[in-house]
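Take a look at the structure set out below.
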Amino acid sequence: MSLRTRRRLVPWLFLAPALLWLLLFFAYPLLNQASVSLMTGDPENGYTLTWAFHTYWDAISQYKVQFGRSILYAGIATALCLIIAFPLAYFTAFHAGRFRNLILLLIILPFFMSFVLRTVAWQLILADDGRVVSILRSIGVLGSDGRLLASGVAVVAGITYNFLPFMALPLYVALEKIDRRLLEAATDLYASRATAFRKVTLPLALPGIFAGSLLTFIPACGDFINAALLGTPRQYMIGNVIQSKFLNILDYPTAAALSFTLMLFILIGILLYARLLGARNLTEAAI
Amino acid sequence: MAATDTLAPPASAPPAPKPVTSSRDRLRHWVLGIWSVLALLYLFIPVFIVVLFSFNDNRGRFNFTWEGFTLRHWAHPFADADLAKAMTNSIEIALIATVIATLLGTFMAVALVRYNFRGRAGIDFFVFMPLSTPEVVLGAALLAMFLTLNINTGFVTIVIAHVMFTLSYVVVTVKARLEGMDRHIEEASMDLGATEWVTFRKVTLPMIAPGVAAAAMLAAAISFDDYVITSFNAGQTQTFPLFIFGATRQGVPAEVNVLATMLLLAVLVLMGLNVLVQRALARRDAVRTSA
Numbered sequence: 095m096s097l098r099t100r101r102r103l104v105p106w107l108f109l110a111p112a113l114l115w116l117l118l119f120f121a122y123p124l125l126n127q128a129s130v131s132l133m134t135g136d137p138e139n140g141y142t143l144t145w146a147f148h149t150y151w152d153a154i155s156q157y158k159v160q161f162g163r164s165i166l167y168a169g170i171a172t173a174l175c176l177i178i179a180f181p182l183a184y185f186t187a188f189h190a191g192r193f194r195n196l197i198l199l200l201i202i203l204p205f206f207m208s209f210v211l212r213t214v215a216w217q218l219i220l221a222d223d224g225r226v227v228s229i230l231r232s233i234g235v236l237g238s239d240g241r242l243l244a245s246g247v248a249v250v251a252g253i254t255y256n257f258l259p260f261m262a263l264p265l266y267v268a269l270e271k272i273d274r275r276l277l278e279a280a281t282d283l284y285a286s287r288a289t290a291f292r293k294v295t296l297p298l299a300l301p302g303i304f305a306g307s308l309l310t311f312i313p314a315c316g317d318f319i320n321a322a323l324l325g326t327p328r329q330y331m332i333g334n335v336i337q338s339k340f341l342n343i344l345d346y347p348t349a350a351a352l353s354f355t356l357m358l359f360i361l362i363g364i365l366l367y368a369r370l371l372g373a374r375n376l377t378e379a380a381i
Numbered sequence: 032m033a034a035t036d037t038l039a040p041p042a043s044a045p046p047a048p049k050p051v052t053s054s055r056d057r058l059r060h061w062v063l064g065i066w067s068v069l070a071l072l073y074l075f076i077p078v079f080i081v082v083l084f085s086f087n088d089n090r091g092r093f094n095f096t097w098e099g100f101t102l103r104h105w106a107h108p109f110a111d112a113d114l115a116k117a118m119t120n121s122i123e124i125a126l127i128a129t130v131i132a133t134l135l136g137t138f139m140a141v142a143l144v145r146y147n148f149r150g151r152a153g154i155d156f157f158v159f160m161p162l163s164t165p166e167v168v169l170g171a172a173l174l175a176m177f178l179t180l181n182i183n184t185g186f187v188t189i190v191i192a193h194v195m196f197t198l199s200y201v202v203v204t205v206k207a208r209l210e211g212m213d214r215h216i217e218e219a220s221m222d223l224g225a226t227e228w229v230t231f232r233k234v235t236l237p238m239i240a241p242g243v244a245a246a247a248m249l250a251a252a253i254s255f256d257d258y259v260i261t262s263f264n265a266g267q268t269q270t271f272p273l274f275i276f277g278a279t280r281q282g283v284p285a286e287v288n289v290l291a292t293m294l295l296l297a298v299l300v301l302m303g304l305n306v307l308v309q310r311a312l313a314r315r316d317a318v319r320t321s322a
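Going line by line, the protein sequences match chains A and B. Counting the first sequence from 1 gives a position; the numbering used here is that position plus 94. Counting the second sequence from 1 gives a position; the numbering used here is that position plus 31.
This is how it looks when you write it as structure tokens:
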């Protein structure tokens, strides 16, 4: 074998095992799922491929409420994460000084305690006989029989909580990269603090906002643990439906159709969002 | 060393510390600081609760109200056989999946950063796709395939699933490390007659080792904590997160809190050791370069 062909083969040798794994256990299952979503039948007699496109229509119209709720909850949670995390990331990047590494450690540390268990802890915090509810009742934020657990508020708070670090870290990375001299230049050129923030910091932080929002929104859209532990069936999201269709009801075609529709929604969402923030801006800033 | 110092991009020059001047600046600083403390508190409230309730002297199965301090759960954290089994399963799965994913992902990252070949952009995008797909979809698709192929789900299928979704994290992490590295060192090695394999083993690998270690840590953490994908592909096998979720109906035993707290402490100790080792290495390097 000549050196040239060998050099050309090497990258493929390096790639092959991982690529094969992803093709077999990521790409192929998705294709398989596409075919399952077009099958008809029942759990006892099995399902056969009949190109039943109507499953999609039926599934979407039957579960449009859960779809809408998933997007709404995930959207609110993403916005809340951004509001909570931006000042935190900004402080860490610009003002934290020698506490910077400590703050980053503290942001990551909760990850090392089981996510399901921390969500169970929220059950306890928001419980009807808990302190939070009694305080909120006494100051009149909640009515005398108002509750937090088993409500949309609890589910959104849980999602916000669970995905906050996914927003904070990319924001921090983007803000930390900003060359301080650009900000000095802006103020030297008589820009006010607010103008410098709006015209320099914010545009340069966009890649972080983009990455953070996706890392929060995508898993939040498919999440079902928060709704299952902190909500009731009236707060169930599309993830809950997909999970129960697959594991309890064994209605595989509907479950497959729903998960494809969810993927499609998210893909469209990403494209729109990238458009909104200016994709060119993003790729340039990312480099 | 001196040559690279002068070549360093000006962006990495340390920013001149600006003294906080006006009272408005100081106010802004304080507001941001207080906001950050509150945000961190929000992150830690459930962690405190979990740790606190590992010491709760609860009477029944439910561990929801504080009934006094006890160390009895800490005395026998593995008393529940199912919990112990779930814990060992989780650790075994995380270890096996991490080894496979780190190995495959590191090679893939090297190929993607160090070689120019047709289809690279496509593969880059393909590797990114599992990260932008909700976990329910990944788990459900994999289960549908196992069902279609009549494969029983269990320990092995969990490992397969975990490797699949941690692989992309490994590739992204190692790639980030590789992209920040000087490739001339590898070219020099090849110019001096080393084959690709020798270059990879003796030059590339030692240089990316910290990135690979970080990727492995990340993969292990994600695998250990995964509920969603595992719930689809576990069959009768229990893992730590599955056990906790399953136990929520009858009350999560306090032993779970104990194990979770122990794990958090172990991670803290490891992080502390890591800082010490890094400091020692930096000191050694400083001595070497000055000598």
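Beta carbons are placed, not taken as given, at the ideal position from N, Cα and C, and that holds for glycine.
Identity of the residues DSSP links to residue i by a beta bridge
| i | result |
| --- | --- |
| residue 140 of chain A | A:136 |
| residue 87 of chain B | B:100 |
Own chain residues within Cβ distance below 7 Å of residue i, not counting five before or after
| i | result |
| --- | --- |
| residue 231 of chain A | 238 and 240 |
| residue 130 of chain B | none |
| residue 286 of chain B | 104, 108, 110, 111 and 114 |
| residue 194 of chain A | 186 |
| residue 133 of chain B | 201, 243, 246, 247 and 250 |
| residue 389 of chain A | Beyond the ends of chain A as shown, which are 95 and 381, falls residue 389 of chain A; an answer cannot be given. |
| residue 257 of chain A | 171, 175, 310, 313 and 314 |
| residue 206 of chain B | 140, 143 and 144 |
| residue 269 of chain B | 113, 116, 117 and 120 |
| residue 364 of chain A | 308 |
| residue 31 of chain B | Since the first residue of chain B shown is 32 and the last is 322, residue 31 of chain B is not available in this structure. |
Spatial distance of residue i from residue j (CA atoms)
| i | j | result |
| --- | --- | --- |
| residue 220 of chain A | residue 249 of chain A | 11 Å |
| residue 30 of chain B | residue 317 of chain B | Coverage of chain B is limited to positions 32 through 322, which leaves residue 30 of chain B absent and any answer about it impossible. |
| residue 110 of chain A | residue 143 of chain B | 12 Å |
| residue 319 of chain A | residue 337 of chain A | 10 Å |
| residue 177 of chain A | residue 307 of chain A | 11 Å |
| residue 204 of chain B | residue 229 of chain A | 44 Å |
| residue 382 of chain A | residue 356 of chain A | Residue 382 of chain A cannot be examined here, being either before or after the span of chain A that is shown, 95 to 381. |
| residue 127 of chain B | residue 106 of chain A | 24 Å |
| residue 256 of chain B | residue 96 of chain A | 48 Å |
| residue 211 of chain B | residue 217 of chain B | 14 Å |
| residue 222 of chain B | residue 239 of chain B | 20 Å |
| residue 280 of chain A | residue 294 of chain A | 8 Å |
| residue 301 of chain B | residue 295 of chain B | 10 Å |
| residue 44 of chain B | residue 191 of chain A | Annotation note: pLDDT 48 at residue 44 of chain B (below 50); position unreliable, coordinate value reported separately. If you take the alpha carbons of residue 44 of chain B and residue 191 of chain A, they lie about 16 Å apart. |
| residue 125 of chain B | residue 265 of chain B | 14 Å |
| residue 183 of chain B | residue 128 of chain A | 21 Å |
Contacting residues, own chain, Cβ-Cβ under 6 Å from residue i (five flanking each side not counted)
| i | result |
| --- | --- |
| residue 163 of chain A | 331 |
| residue 309 of chain A | 260 |
| residue 333 of chain A | 316, 317 and 318 |
| residue 137 of chain A | 344 |
Near the ligand ATP: residue i beta-carbon under 7 Å from a heavy atom
| i | result |
| --- | --- |
| residue 144 of chain A | The ligand ATP is not part of this structure, which contains no ligands at all. |
Same chain only: Cβ atoms within 8 Å of residue i, ignoring 5 sequence neighbours per side
| i | result |
| --- | --- |
| residue 142 of chain A | 133, 134 and 135 |
| residue 282 of chain B | 91, 92, 93, 94 and 95 |
| residue 371 of chain A | 300, 303 and 304 |
| residue 260 of chain B | 166, 169, 170, 173, 192, 193 and 196 |
| residue 289 of chain B | 85, 104, 105 and 108 |
| residue 323 of chain B | Here chain B comprises residues numbered 32 to 322, so residue 323 of chain B is not present and cannot be evaluated. |
| residue 325 of chain A | 244, 245, 246, 248 and 249 |
| residue 153 of chain A | 348, 351, 352 and 355 |
| residue 151 of chain B | 143 |
| residue 278 of chain B | 284 and 287 |
> Which residues, taken in chain order from the segment 192 to 213 of chain A, show a beta carbon closer than 8 Å to some beta carbon of chain B?
Replying inline: Flagged, chain order: 197, 199, 200, 201, 203, 204, 205, 206, 207, 208, 209, 210, 211, 212 and 213.
> What residues in the segment 151 to 169 of chain B have a beta carbon less than 9 Å from any beta carbon of chain A?
Replying inline: The segment 151 to 169 of chain B vs chain A, Cβ under 9 Å: 151, 154, 157, 158, 160, 161, 162, 163, 164, 165, 166, 167, 168 and 169.
> Using Cβ-Cβ distances below 7 Å, what residues of the segment 98 to 130 of chain B are close to chain A?
Replying inline: The segment 98 to 130 of chain B vs chain A, Cβ under 7 Å: nothing.
> Listed from N- to C-terminal order along the chain, which residues in the segment 241 to 269 of chain B have their beta-carbon within a distance smaller than 8 Å of any beta-carbon of chain A?
Replying inline: The residues in question are 252, 256, 258, 259, 262 and 263.
>> What are the residues in the segment 267 to 301 of chain B lying within 7 Å of chain A by C-beta distance?
In response: Within the segment 267 to 301 of chain B, those residues whose Cβ lies closer than 7 Å to any Cβ of chain A are, in chain order, 271, 272, 275, 276, 279, 283, 287, 291, 294, 295 and 298.
> Just by C-beta distance, which residues in the segment 136 to 154 of chain A are closer than 8 Å to chain B?
Replying inline: For the segment 136 to 154 of chain A, no residue has a beta-carbon sitting nearer than 8 Å to a beta-carbon of chain B.
> Using a Cβ cut-off of 9 Å, which residues of the segment 194 to 223 of chain B contact any Cβ in chain A, in chain order?
Replying inline: If the cut-off is 9 Å between Cβ atoms, the segment 194 to 223 of chain B has 194, 195, 196, 198, 199, 201 and 202 near chain A.
>> What ranges does the alpha helix (DSSP H) occupy inside the segment 180 to 223 of chain B, keeping only unbroken runs of at least 4 residues that lie completely in it?
In response: Qualifying alpha helix (DSSP H) stretches, in chain order: 186 to 210 and 215 to 222.
> What residues in the segment 299 to 316 of chain A bring their beta carbon closer than 8 Å to a beta carbon of chain B?
Replying inline: Taking a C-beta cut-off of 8 Å against chain B, the contacting residues of the segment 299 to 316 of chain A are 308, 312, 313, 315 and 316, listed in chain order.
> Just by C-beta distance, which residues in the segment 70 to 93 of chain B are closer than 8 Å to chain A?
Replying inline: For the segment 70 to 93 of chain B, which is checked against every Cβ of chain A, the residues closer than 8 Å are 70, 71, 73, 74, 75, 76, 77, 78, 80, 81 and 84.
> Can you list, in chain order, the residues of the segment 113 to 136 of chain A whose Cβ is nearer than 8 Å to any Cβ on chain B?
Replying inline: From the segment 113 to 136 of chain A, only 113, 115, 116, 119, 120, 121, 122, 123, 124, 126, 127 and 130 have a Cβ closer than 8 Å to chain B.
> Could you give the uninterrupted runs of the alpha helix (DSSP H) lying entirely in the segment 277 to 344 of chain A, keeping only those of 4 residues or more?
Replying inline: Within the segment 277 to 344 of chain A, the alpha helix (DSSP H) runs of at least 4 residues that lie entirely inside it are, in chain order, 287 to 290, 296 to 316, 319 to 324 and 332 to 338.
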